[in-house]
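Sequence order for the protein chains is Z and D. Sequence positions in the first sequence follow this note's numbering and run 695 to 968. Sequence positions in the second sequence follow this note's numbering and run 184 to 530. No residue lacks a Cβ here, since even glycine has one placed at the ideal position from N, Cα and C.
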Amino acid sequence: MSPHRLPGPPWPDPIVDVREARHAYGARVAVDGVSFRAREGEFVGLLGPNGAGKSTLIRLVAGLLAPSAGTVRLAGFDPHAAPRKLVARVCALVPQEPRLDWPFTVRDVVMMGRSAHQGLLGIAGLDDLGAVEGALAACDLRHLAGRRVDALSGGERRRVFFARALAQEPRVLLLDEPTAFLDLAHQVAAMEMARLAARGGLCVVAVLHDLNLAAAACDRLVALRGGKVVAEGTPREVLTEERVSDVWGVPVWRGENGATGATVVLPNVGTRDR
Amino acid sequence: MDLRPSRLALALALGLLAIGLAVGASCLLGPQPISLQAAFDGVEPDRAILFGLRLPRALLAAVVGFALAGAGTALQALLRNPLAEPFTLGVSGGAALGGTIVLLAAAGLSAVSGPAGALLGAAPPVAAGAVIGAVLSTFLVFGLGRIGGRLVPEAALLVGIVFNAFVAGVITLLKMLAPPDQAARLLYWLMGAIGYESPTTLVVGAVLVLLSVGTLGLLSARLNLLTLGDEEAASLGVDVRRTRALVFFAASAATGAAVALAGMVGFVGLIVPHLVRRLVGPDHRLLLPASALFGAAFLVAADVLARLAFLPLGTEPPVGAVTAFLGGPFFLWLLRRQAREHDEAAA
Numbered sequence: 695m696s697p698h699r700l701p702g703p704p705w706p707d708p709i710v711d712v713r714e715a716r717h718a719y720g721a722r723v724a725v726d727g728v729s730f731r732a733r734e735g736e737f738v739g740l741l742g743p744n745g746a747g748k749s750t751l752i753r754l755v756a757g758l759l760a761p762s763a764g765t766v767r768l769a770g771f772d773p774h775a776a777p778r779k780l781v782a783r784v785c786a787l788v789p790q791e792p793r794l795d796w797p798f799t800v801r802d803v804v805m806m807g808r809s810a811h812q813g814l815l816g817i818a819g820l821d822d823l824g825a826v827e828g829a830l831a832a833c834d835l836r837h838l839a840g841r842r843v844d845a846l847s848g849g850e851r852r853r854v855f856f857a858r859a860l861a862q863e864p865r866v867l868l869l870d871e872p873t874a875f876l877d878l879a880h881q882v883a884a885m886e887m888a889r890l891a892a893r894g895g896l897c898v899v900a901v902l903h904d905l906n907l908a909a910a911a912c913d914r915l916v917a918l919r920g921g922k923v924v925a926e927g928t929p930r931e932v933l934t935e936e937r938v939s940d941v942w943g944v945p946v947w948r949g950e951n952g953a954t955g956a957t958v959v960l961p962n963v964g965t966r967d968r
Numbered sequence: 184m185d186l187r188p189s190r191l192a193l194a195l196a197l198g199l200l201a202i203g204l205a206v207g208a209s210c211l212l213g214p215q216p217i218s219l220q221a222a223f224d225g226v227e228p229d230r231a232i233l234f235g236l237r238l239p240r241a242l243l244a245a246v247v248g249f250a251l252a253g254a255g256t257a258l259q260a261l262l263r264n265p266l267a268e269p270f271t272l273g274v275s276g277g278a279a280l281g282g283t284i285v286l287l288a289a290a291g292l293s294a295v296s297g298p299a300g301a302l303l304g305a306a307p308p309v310a311a312g313a314v315i316g317a318v319l320s321t322f323l324v325f326g327l328g329r330i331g332g333r334l335v336p337e338a339a340l341l342v343g344i345v346f347n348a349f350v351a352g353v354i355t356l357l358k359m360l361a362p363p364d365q366a367a368r369l370l371y372w373l374m375g376a377i378g379y380e381s382p383t384t385l386v387v388g389a390v391l392v393l394l395s396v397g398t399l400g401l402l403s404a405r406l407n408l409l410t411l412g413d414e415e416a417a418s419l420g421v422d423v424r425r426t427r428a429l430v431f432f433a434a435s436a437a438t439g440a441a442v443a444l445a446g447m448v449g450f451v452g453l454i455v456p457h458l459v460r461r462l463v464g465p466d467h468r469l470l471l472p473a474s475a476l477f478g479a480a481f482l483v484a485a486d487v488l489a490r491l492a493f494l495p496l497g498t499e500p501p502v503g504a505v506t507a508f509l510g511g512p513f514f515l516w517l518l519r520r521q522a523r524e525h526d527e528a529a530a
């Protein structure tokens with residue numbers, strides 16, 4: 695018998711609990727003593743310049759990488775040591791640029807999210823079919839279900855992989871740059887879907903580059919630089935003019951969205967030649 | 184993904200039908216016209232030709248085609264590249280080298296030592312050598328195909344092709360050390376000839392092939408996930424390292440058995456899965472068994488073709504020459520198409 699029993703509710707709180715974690719790729723230290731917690735029902739944005747360790751941190755949480763020091767706990771167990779199937783029932787990861795070399799249909803790809811709930815041959819049961827239909831509906835993909843994924847637009851494809859993650863029925867949803875390469879409407883749609891998932895009780899953690907989208911959509915932000923956490927809190931607390939200028943090395947103006955009250959930061963472009 | 188049993192049944196039925204047709208043709212067509220009625224009534228030489236020569240030969244070709252197409256399908260999923268197959272990846276080459284070493288070592292031993300050597304010389308465990316050679320070369324090629332810890336499909340294919348050339352050189356050197364009669368036998372075997380094996384060899388080979396391709400069939404749902412990439416497969420619940428090692432091992436064992444039975448028959452694992460994928464789609468739970476069955480039919484048909492095409496000349500080329508003749512251009516066509524698609528995707 696495996697020492698890892700199938701976890702179930704009530705889940706530990708916080709469901710994601712990273713303490714003093716460290717990870718290096720060879721000599722390059724990507725995550726250097728990070729402590730990070732996330733709870734069910736909250737949408738956390740991970741921010742920071744390139745190479746800050748954001749993607750490495752979510753890979754540690756997903757158990758795809760092991761920390762060289764410190765601990766990572768996902769729903770109370772070590773996600774790197776636990777059987778993959780067990781981890782996949784608790785945690786779904788939506789990759790930044792999903793690869794698609796084989797001509798699977800939208801429904802095929804979403805059904806792959808059910809693998810961890812199925813036997814060796816992946817025969818779909820009623821609950822699998824139900825979860826897939828629910829995920830397709832939630833992501834507005836029903837009309838595309840029979841289409842080949844490699845024939846879809848970038849925005850549609852991203853929705854397919856989001857739907858696959860929902861079909862997985864995880865408690866923790868990790869998103870690696872869910873808005874990269876999308877136009878504005880699709881960026882907003884992606885953030886709304888992530889918010890909705892969090893309101894539905896999931897713990898959603900997203901790597902984000904757009905500070906304003908993050909400030910508008912996330913409940914809490916964590917800013918990283920050089921593999922360390924430099925700030926943590928509500929968007930208003932984290933995105934101060936001094937801190938953004940310091941972390942990203944760009945002078946900014948901070949204000950407020952008159953319609954929603956969300957924090958807004960704008961880079962001061964064009965000051966050098968004026 | 185959703186597997187419909189009716190589609191699986193249809194694909195398997197079509198595959199079995201194709202095998203039936205090919206085996207039928209193989210039994211009926213040949214330099215010597217025979218009557219089935221007479222053969223079943225026990226009239227000679229019809230009976231001997233059918234049951235002693237043509238049927239075993241067709242079954243041998245079927246087992247080899249089944250193994251190579253099944254292994255090819257699995258290796259393509261693992262490498263995420265339709266150009267992968269036992270021959271292009273150098274797995275067949277490794278098997279051939281392993282088999283050659285055993286064959287020549289056995290010949291050498293039987294010359295020097297007593298009864299044990301004689302037994303070894305009479306029935307050298309070529310299959311064992313071929314399977315070991317296949318497994319070792321698979322791990323070598325996939326190991327050298329890693330760059331910075333990541334498997335690069337193009338690199339693995341190049342390594343495989345270079346490894347093939349290297350193996351061909353080593354085998355040529357070994358051949359020069361062998362006595363002339365052994366060397367001729369070796370050459371004919373290596374060129375991919377469907378010959379006449381003893382029933383025992385055929386049965387042992389068939390069991391090994393069925394076990395290994397059956398293992399690949401059990402892993403076919405995971406192969407679907409592996410086509411998405413290691414990290415994604417892992418995040419969907421696949422133990423990537425263990426699954427990959429199992430696939431390596433099973434595909435190598437199938438290839439080793441095929442090479443032991445018929446030498447180097449290339450491109451079956453390339454052509455057949457590609458065509459079958461167009462027929463049944465990308466789900467490996469359908470694709471893998473269907474490819475194996477159509478691979479069996481394909482090689483039986485190719486063997487008939489090899490036998491008949493050169494009939495006026497009174498000779499017959501090994502079936503490996505026929506599959507190479509068809510498969511070489513097919514490989515280039517696939518390569519060009521892949522490059523074009525890559526270009527379009529980048530644009």
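Would you give the residue range spanned by the beta strand (DSSP E) that residue i belongs to?
{"i": "residue 901 (chain Z)", "result": "897-901"}
{"i": "residue 785 (chain Z)", "result": "785-788"}
{"i": "residue 765 (chain Z)", "result": "763-768"}
{"i": "residue 737 (chain Z)", "result": "737-741"}
{"i": "residue 717 (chain Z)", "result": "710-719"}
{"i": "residue 877 (chain Z)", "result": "Here residue 877 (chain Z) belongs to no beta strand (DSSP E), and DSSP marks it neither H nor E."}
Check for me: the alpha helix (DSSP H) holding residue i runs from which residue to which?
{"i": "residue 364 (chain D)", "result": "363-373"}
{"i": "residue 403 (chain D)", "result": "403-409"}
{"i": "residue 313 (chain D)", "result": "309-327"}
{"i": "residue 856 (chain Z)", "result": "848-861"}
{"i": "residue 438 (chain D)", "result": "423-445"}
{"i": "residue 474 (chain D)", "result": "467-492"}
{"i": "residue 414 (chain D)", "result": "413-418"}
{"i": "residue 727 (chain Z)", "result": "Taken as a continuous stretch (DSSP letters only), residue 727 (chain Z) belongs to no alpha helix (DSSP H), being part of the beta strand (DSSP E) at 722-732."}
{"i": "residue 835 (chain Z)", "result": "Premise fails: residue 835 (chain Z) is in no alpha helix (DSSP H) and is neither H nor E."}
If we call anything under 9 Å between Cβ atoms a contact, is residue i one with residue j?
{"i": "residue 434 (chain D)", "j": "residue 289 (chain D)", "result": "no"}
{"i": "residue 886 (chain Z)", "j": "residue 811 (chain Z)", "result": "no"}
{"i": "residue 430 (chain D)", "j": "residue 248 (chain D)", "result": "no"}
{"i": "residue 468 (chain D)", "j": "residue 186 (chain D)", "result": "yes"}
{"i": "residue 918 (chain Z)", "j": "residue 748 (chain Z)", "result": "yes"}
{"i": "residue 787 (chain Z)", "j": "residue 418 (chain D)", "result": "yes"}
{"i": "residue 921 (chain Z)", "j": "residue 727 (chain Z)", "result": "yes"}
{"i": "residue 554 (chain D)", "j": "residue 796 (chain Z)", "result": "Residue 554 (chain D) cannot be examined here, being either before or after the span of chain D that is shown, 184 to 530."}
{"i": "residue 209 (chain D)", "j": "residue 486 (chain D)", "result": "yes"}
{"i": "residue 832 (chain Z)", "j": "residue 890 (chain Z)", "result": "yes"}
{"i": "residue 246 (chain D)", "j": "residue 392 (chain D)", "result": "yes"}
Taking the alpha carbon of residue i as the reference point, which residue from the options has its own alpha carbon closest?
{"i": "residue 704 (chain Z)", "options": "Z:770, Z:743, Z:727", "result": "Z:770"}
{"i": "residue 928 (chain Z)", "options": "Z:941, Z:754, Z:957", "result": "Z:957"}
{"i": "residue 279 (chain D)", "options": "D:351, D:473, D:363, D:365", "result": "D:351"}
{"i": "residue 510 (chain D)", "options": "D:268, D:402, D:277, D:260", "result": "D:268"}
{"i": "residue 720 (chain Z)", "options": "D:416, D:332, D:411, D:521", "result": "D:332"}
{"i": "residue 454 (chain D)", "options": "D:189, D:482, D:444, D:472", "result": "D:482"}
{"i": "residue 923 (chain Z)", "options": "Z:715, Z:824, Z:820, Z:709", "result": "Z:715"}
{"i": "residue 799 (chain Z)", "options": "D:466, D:498, D:220", "result": "D:466"}
{"i": "residue 495 (chain D)", "options": "D:215, D:244, D:281", "result": "D:215"}
{"i": "residue 406 (chain D)", "options": "Z:903, Z:809, Z:880", "result": "Z:809"}
{"i": "residue 944 (chain Z)", "options": "Z:953, Z:931, Z:960, Z:875", "result": "Z:960"}
{"i": "residue 806 (chain Z)", "options": "D:377, D:421, D:493", "result": "D:421"}
{"i": "residue 409 (chain D)", "options": "D:428, D:393, D:394, D:459", "result": "D:428"}
{"i": "residue 349 (chain D)", "options": "D:228, D:314, D:277", "result": "D:277"}
{"i": "residue 962 (chain Z)", "options": "Z:742, Z:949, Z:845, Z:762", "result": "Z:949"}
{"i": "residue 768 (chain Z)", "options": "Z:875, Z:852, Z:709", "result": "Z:709"}
>> For the region 814-834 of chain Z, list every residue whose C-beta sits within 7 Å of some C-beta in chain D, in sequence order.
In response: 814, 815, 816, 817, 818
> Where are the beta strand (DSSP E) runs, 3 residues long or more, that stay fully inside the region 913-963 of chain Z, in chain order?
Replying inline: 914-919, 922-927, 946-950, 957-961
> Which residues, in order along the region 745-762 of chain Z, keep a beta-carbon less than 9 Å from a beta-carbon of chain D?
Replying inline: 753, 756, 757, 758
> Taking a cut of 9 Å between CB atoms, which residues from the region 884-918 of chain Z lie near chain D?
Replying inline: none
>> What are the residues in the region 315-333 of chain D lying within 7 Å of chain Z by C-beta distance?
In response: none
> Listed from N- to C-terminal order along the chain, which residues in the region 458-474 of chain D have their beta-carbon within a distance smaller than 8 Å of any beta-carbon of chain Z?
Replying inline: 464, 465, 466, 468
> Listed in chain order, which residues of the region 485-515 of chain D have Cβ atoms closer than 7 Å to some Cβ of chain Z?
Replying inline: none
> Along the region 796-811 of chain Z, what residues have a CB closer than 9 Å to any CB found in chain D?
Replying inline: 796, 797, 798, 799, 801, 802, 803, 804, 805, 806, 807, 808, 809, 810, 811
> Along the region 419-440 of chain D, what residues have a CB closer than 8 Å to any CB found in chain Z?
Replying inline: 419, 420, 421, 422, 423
> Taking Cβ-Cβ distances below 8 Å as the criterion, which residues of the region 228-256 of chain D are in contact with chain Z?
Replying inline: none
> For the region 837-869 of chain Z, which residues have a CB atom closer than 7 Å to at least one CB atom of chain D, in sequence order?
Replying inline: none
> What are the start and end residues of each continuous alpha helix (DSSP H) run of 4 or more residues lying completely inside the region 216-242 of chain D, in chain order?
Replying inline: 219-224
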